[in-house]
Structure formats: structure tokens, C-alpha cells
Amino acid sequence: MKSEIKSLTERDSICIWHPYSQGFNSTSPVPVVRAERIYLIAENGERYIDGISSWWTNIHGHSNPHISREIALQASELDHVIFAGFTHPPAVQLAERLLNILPENQSRIFYSDDGSTAVEVALKMALQYWTNKGVDRKRIIAFENAYHGDTFGAMSVSARSAFTNPFGDLLFNVDTIPIPSSDDDETPLTLLDNLLKTYNNQYAAFIFEPLVQGAGGMRMYSASALDRIIRYCRGNKIICIADEVMTGFGRTGSFFASDHLKEKPDIFCLSKGLTGGTMPLGATSCSEEIYSAFLSDDKSKTFFHGHSFTANPIACRASLASLDLLTDPACLNAIKRIQNKHRDFIAQIKTYQCVSNPRICGTILAFELGNDTMSDYFHSIRDWLYFYFLEKKILLRPLGNTLYLMPPYCIEDFELQILYNAITQMLNDFSIKKLNANKSYTPNGTVT
Ligand SMILES: Cc1ncc(COP(=O)(O)O)c(C=O)c1O
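Just so you know, we're using my numbering here: the sequence shown kicks off at 1 and counts up by one.
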């Protein structure tokens with residue numbers, strides 16, 4: 001008689017719908033049963049290096065003892081409580097501590113669930129700010145090639161792509177400008193100026209991923225050029241929203257990417273590294289000017305937004321524990337150490353002809369493979385790269401032809417070296433086999 005006992009992946013294949021995955025022909029997911037530091041440990045005992053911090057969330061490594069302990073304590077003290085009409089210590093402490101490290105102009109924290117909802121909250125705050133003021137400003141400016149999440153507002157301010165196409169007609173229109181290509185690139189400002197001449201006083205907000213556009217291909221751009229755009233927006237009363245969902249909590253070498261700016265944004269969107277990558281939580285902070293526009297005895301000026309799990313105490317406590325680690329000088333030193341190592345490695349691989357636009361920002365290292373200097377999410381080389389590293393027990397998730405590293409900060413030098421060696425070997429294989437980035441690659445490496 002045939003055994004009824006199925007493996008985890010077989011059971012998964014019958015009942016789970018995975019994100020960003022084509023169920024029709026995708027390979028089986030790796031069954032992970034444990035994780036520690038930078039390692040994901042599979043059911044069969046194999047250990048995978050998490051080179052991308054599990055979708056950019058896990059900044060201190062997996063199952064960190066301090067964060068795990070705090071989560072367990074909180075779960076036994078207060079698991080959850082409605083956040084309308086009630087409050088609790090972790091939510092208040094976290095807001096206080098976030099406001100301590102955010103720029104001084106930030107004065108209130110609004111909690112939500114993840115990066116997309118933090119963005120939705122920011123957009124709704126900005127739009128309702130103007131409604132509450134009795135001013136008709138509804139247009140939004142975003143950068144070309146942006147990614148701000150998968151909910152409808154977040155999709156609307158993101159680049160139109162295969163991600164958004166099925167919903168194209170339902171998304172609201174957004175005006176876009178390119179990211180600056182250099183410190184003194186004036187093109188985005190000129191285009192912005194033209195837009196403002198056409199739609200005089202109609203702009204409510206400008207939303208941007210400061211310094212690095214993540215999902216759009218780890219595109220890095222100048223802080224001083226962004227400063228000029230923000231200054232221009234400020235001069236025209238346009239609310240500036242920094243989406244720091246990916247760049248926040250040390251990724252770019254400082255607490256927030258906006259710390260590299262002179263002009264401080266009015267609203268911040270935070271998630272991912274907020275809880276150290278352990279629990280889902282989003283936070284949107286805003287200035288007193290924005291918050292005060294919602295204070296009124298007219299109930300219609302209330303911000304009618306909230307989620308069942310807003311300010312979940314366990315997630316807030318995890319964030320407090322993560323902040324304990326982040327604000328320890330040892331962590332900031334680790335970030336600097338990774339940045340220096342990345343810089344050395346970039347200098348080494350620059351000589352490869354198949355490496356285009358090698359770059360770093362903080363702990364993020366990226367380059368395009370092949371001659372295309374632009375990132376192309378649907379590039380056929382992507383699967384070949386993904387499975388090349390997975391075979392070596394390394395999790396990297398190339399964005400098309402863009403390969404990047406974004407490790408947890410606890411990664412040690414010898415572990416970074418394992419990642420660098422694997423990349424160098426890949427570049428050698430790529431060059432020796434004279435693989436062509438424009439051809440199609442199957443997961444097992446055959447070229448079609
Ligand atoms: C800049 C940015 N904003 C928003 C999001 C959406 O976050 P989430 O996936 O948690 O909804 C992401 C996710 O990658 C992001 O990189």
C-alpha cells in the first residue's frame with residue numbers, strides 16, 4: 001500500500017499559494033525549519049546563508065536571543081489589545097524611541113502592519129491633510145521606477161509594470177520624474193518645475209525611496225540632488241514622504257537614509273528592519289504641522305484609518321529589542337565594517353567585463369551582470385543566477401540582471417568572504433563559458 005505520509009514540500013504544493021511565484025512551473029520551495037544568525041536551516045539539515053536578510057527585513061540575524069526573549073516575555077504579559085481607546089507600554093516606548101532617532105521635525109507615530117500599509121497611511125495622511133485644510137490638492141509626484149508596495153495606493157505611486165498591469169485602470173494617476181543621475185543632474189528639477197507650471201498648486205505630496213530604489217534594481221542616487229528636489233517641493237508646500245521601508249534602520253550606513261539629507265522629509269514610512277525582521281509591523285511618522293491638521297471638533301477631520309493588529313504589543317516589543325541592538329555602538333561598527341569590505345570587493349570585481357555599474361550604499365552591494373547598465377526585472381539571466389547560488393547554499397534573489405547583497409549586520413568577515421568567493425566564482429564561470437546575458441537560461445544552467 002502506498003504511504004500516505006507526504007513531505008512538507010508536497011503538502012505545501014497542494015495547499016499554499018506563494019508570493020511572487022508562478023505555481024504553474026516554479027520549483028519546490030526550500031523547507032526551512034529553523035534559523036540562526038545568518039543561516040536558514042532546511043528540513044534536511046542543510047544551512048543556507050541568507051544574503052538578502054529575508055527580503056531585507058532581518059537586520060540582526062535570525063532568532064536573535066535578545067529579541068526572541070523579549071517577544072516571549074511580551075507574549076506572556078500582553079499579547080494583543082485593540083489600539084483605539086486603549087494603549088500599552090511597548091507602543092508608547094517604541095514611539096518615544098523612534099522619535100528620538102528620527103529627525104527632529106517628526107512628532108507622531110501611527111502604527112500599521114507592514115511596508116505597504118505604512119505607505120498607504122502616509123499617502124492618506126498627506127491627502128487628507130489638504131482636505132482638512134479645505135485646499136484642493138490631489139496630485140502626487142513619485143520617482144520613475146519606484147516601488148512602494150502592493151496595496152492599491154502603494155501600487156499607484158509605484159512604477160507601472162507587470163506587477164501593476166492587471167490593475168492599471170484602477171490605479172490613480174501619478175506624475176513621475178527620474179531619479180537624479182549625478183550630484184548636479186538638474187533634469188528631475190526641470191521636469192518638476194514644468195509639472196508645477198502645468199498643475200499649479202495641485203500637488204499634495206512627493207514620495208520617494210531616499211538614496212536607493214530597492215525593488216527597482218538597487219538604483220542609488222545622490223543625496224545632494226535629492227535635497228534640492230525636497231527643497232523645491234517645500235518651497236511649493238508639497239508634503240515630502242520618505243519611504244524608508246527598505247533603507248531604514250542602518251541599511252545605508254546611518255539610522256535612516258534621510259540622515260544623509262539636509263532637508264528633512266515631513267513623513268516617514270518604516271517597516272522591515274523595524275522589528276529586526278521578526279514580526280510584521282509598519283509605522284508612519286509625521287510632523288506636528290501634519291498631525292495638527294487633524295485636530296478638530298469636526299469629526300469628519302478624523303483620520304479614519306486603523307488595522308486590527310495596529311501597534312501589536314509583541315511586534316512593538318520586538319522593535320524595542322531590535323533598537324537596543326541597533327543603537328549599541330557594536331552594531332554601528334559592524335555596519336561600517338561591512339561597508340568597507342563591500343568597498344574592497346567592488347574594487348576587485350570592477351575588472352570583470354561582465355560587471356556593469358558596481359556600487360554600494362551602506363551594507364548594500366549591487367551590480368548588473370552583462371552589458372546592460374540598467375536593471376531589468378524580467379531578464380532571463382535571473383533564474384540562472386538564483387539557482388547558481390542556491391546550489392551553493394546561498395540565498396540571493398537577483399532583481400533580473402541586478403545581483404545584490406544585503407546581509408544581516410551580524411555577518412562575520414569569513415562569512416562575507418564566502419559570499420564574495422561565490423560571486424567571484426560565478427563571474428569566472430560566466431566569463432569562461434562566455435555566457436551571454438541576453439540569452440535564456442534554465443535553472444540547471446543550459447542556454448536556450
Ligand atoms: C521601499 C519599499 N516600500 C514599501 C515596500 C512594501 O513593504 P511590504 O512588502 O512590507 O508591504 C517595500 C517592499 O519591498 C519597499 O522596498
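Ideal Cβ placement from N, Cα and C applies to all residues, glycine included.
Rounded C-alpha distance that separates residue i from residue j
{"i": "SER21", "j": "THR27", "result": "9 Å"}
{"i": "ASP383", "j": "LYS392", "result": "14 Å"}
{"i": "ASN64", "j": "GLU36", "result": "7 Å"}
{"i": "CYS269", "j": "VAL119", "result": "6 Å"}
{"i": "CYS240", "j": "ARG137", "result": "14 Å"}
{"i": "THR275", "j": "LYS197", "result": "42 Å"}
{"i": "GLN213", "j": "ALA122", "result": "18 Å"}
{"i": "PRO443", "j": "MET426", "result": "Per-residue confidence for PRO443 stands at a pLDDT of 46, beneath the threshold of 50, marking its modelled position as unreliable; the derived number appears in the next sentence. Roughly 14 Å between the two C-alpha positions."}
{"i": "VAL447", "j": "ILE432", "result": "Caution applies to VAL447, whose pLDDT of 48 falls short of 50 and renders its modelled position unreliable; the model cannot decide the point."}
{"i": "ASN340", "j": "CYS331", "result": "14 Å"}
{"i": "LEU450", "j": "LYS301", "result": "Look at the range of the chain in this structure, 1 to 448, and you will see that residue 450 is not part of it."}
{"i": "ASN401", "j": "PHE387", "result": "13 Å"}
{"i": "ILE490", "j": "GLY168", "result": "The displayed coordinates of the chain run from 1 to 448. Any statement about residue 490 would go beyond what the structure contains."}
{"i": "ILE455", "j": "PHE143", "result": "There is no way to answer for residue 455, as the model of the chain reaches only from 1 to 448."}
{"i": "ARG234", "j": "ILE141", "result": "13 Å"}
{"i": "VAL33", "j": "ASN201", "result": "54 Å"}
{"i": "SER380", "j": "GLY217", "result": "15 Å"}
{"i": "GLY445", "j": "ASN421", "result": "Because GLY445 sits at a pLDDT of 47, beneath the cut-off of 50, its placement in the model cannot be relied upon, and the point is left open."}
{"i": "ILE16", "j": "TRP55", "result": "19 Å"}
{"i": "ASN491", "j": "TYR409", "result": "The requested residue 491 does not occur in the structure, where the chain is confined to residues 1 to 448."}
{"i": "ILE229", "j": "LYS6", "result": "56 Å"}
{"i": "ILE364", "j": "GLY134", "result": "43 Å"}
{"i": "THR87", "j": "LEU226", "result": "37 Å"}
{"i": "SER112", "j": "PRO280", "result": "9 Å"}
{"i": "LEU94", "j": "LEU320", "result": "6 Å"}
{"i": "CYS361", "j": "GLY115", "result": "21 Å"}
{"i": "SER158", "j": "HIS148", "result": "6 Å"}
{"i": "LYS264", "j": "ALA154", "result": "22 Å"}
{"i": "ASP324", "j": "HIS60", "result": "11 Å"}
{"i": "LYS272", "j": "HIS18", "result": "19 Å"}
Residue i - DSSP class collapsed to helix/strand/coil
{"i": "LEU281", "result": "coil"}
{"i": "MET220", "result": "strand"}
{"i": "PHE466", "result": "The structure shown does not extend to residue 466, since the chain is modelled only from 1 to 448, so the question has no answer here."}
{"i": "PRO178", "result": "coil"}
{"i": "SER356", "result": "strand"}
{"i": "THR310", "result": "coil"}
{"i": "GLN479", "result": "Any property of residue 479 remains undetermined from this structure, which presents the chain solely from 1 to 448."}
{"i": "ALA315", "result": "helix"}
{"i": "GLU120", "result": "helix"}
{"i": "PHE230", "result": "Residue 230 is actually Ile in this sequence, not Phe. In the structure shown, ILE230 sits in a helix (DSSP, three-state: H, G or I)."}
{"i": "GLN22", "result": "coil"}
{"i": "ILE394", "result": "strand"}
{"i": "PRO443", "result": "Unreliable placement is indicated for PRO443, whose pLDDT of 46 sits below 50; the coordinate value is still reported in the next sentence. Coil at PRO443, not helix or strand."}
{"i": "GLU289", "result": "helix"}
{"i": "MET374", "result": "coil"}
{"i": "LEU457", "result": "Examination of residue 457 is not possible in this model, given that the chain is present from 1 through 448 alone."}
{"i": "LYS301", "result": "helix"}
{"i": "GLY168", "result": "helix"}
{"i": "GLU449", "result": "The structure shown has nothing for residue 449, since the chain only spans 1 to 448."}
{"i": "ALA225", "result": "helix"}
{"i": "ALA162", "result": "coil"}
Identified DSSP bridge partners for residue i
{"i": "TYR111", "result": "ALA283"}
{"i": "CYS269", "result": "ASP243, THR284"}
{"i": "PHE143", "result": "ILE177"}
{"i": "ALA366", "result": "ARG359, TYR404"}
{"i": "LEU399", "result": "THR402"}
{"i": "SER423", "result": "The question names Ser, but residue 423 is Ile in the sequence shown. DSSP lists no partner for ILE423."}
{"i": "VAL212", "result": "MET220"}
Where the alpha helix (DSSP H) containing residue i begins and where it ends
{"i": "THR247", "result": "Taken as a continuous stretch (DSSP letters only), THR247 belongs to no alpha helix (DSSP H), as it is neither H nor E."}
{"i": "CYS410", "result": "No alpha helix (DSSP H) contains CYS410, which DSSP labels as neither H nor E."}
{"i": "ALA205", "result": "Premise fails: ALA205 lies in the beta strand (DSSP E), 203-208, not in any alpha helix (DSSP H)."}
{"i": "ILE335", "result": "329-349"}
{"i": "LEU191", "result": "187-198"}
{"i": "ASP383", "result": "381-391"}
{"i": "SER156", "result": "152-156"}
Start and end residues, beta strand (DSSP E) containing residue i
{"i": "CYS455", "result": "For the chain, the structure presents residues 1 to 448; residue 455 sits outside this window and is missing."}
| Ranges of the alpha helix (DSSP H) found wholly within the stretch 27-102, counting only runs of at least 4 | The qualifying runs are 53-56, 65-77, 89-101.
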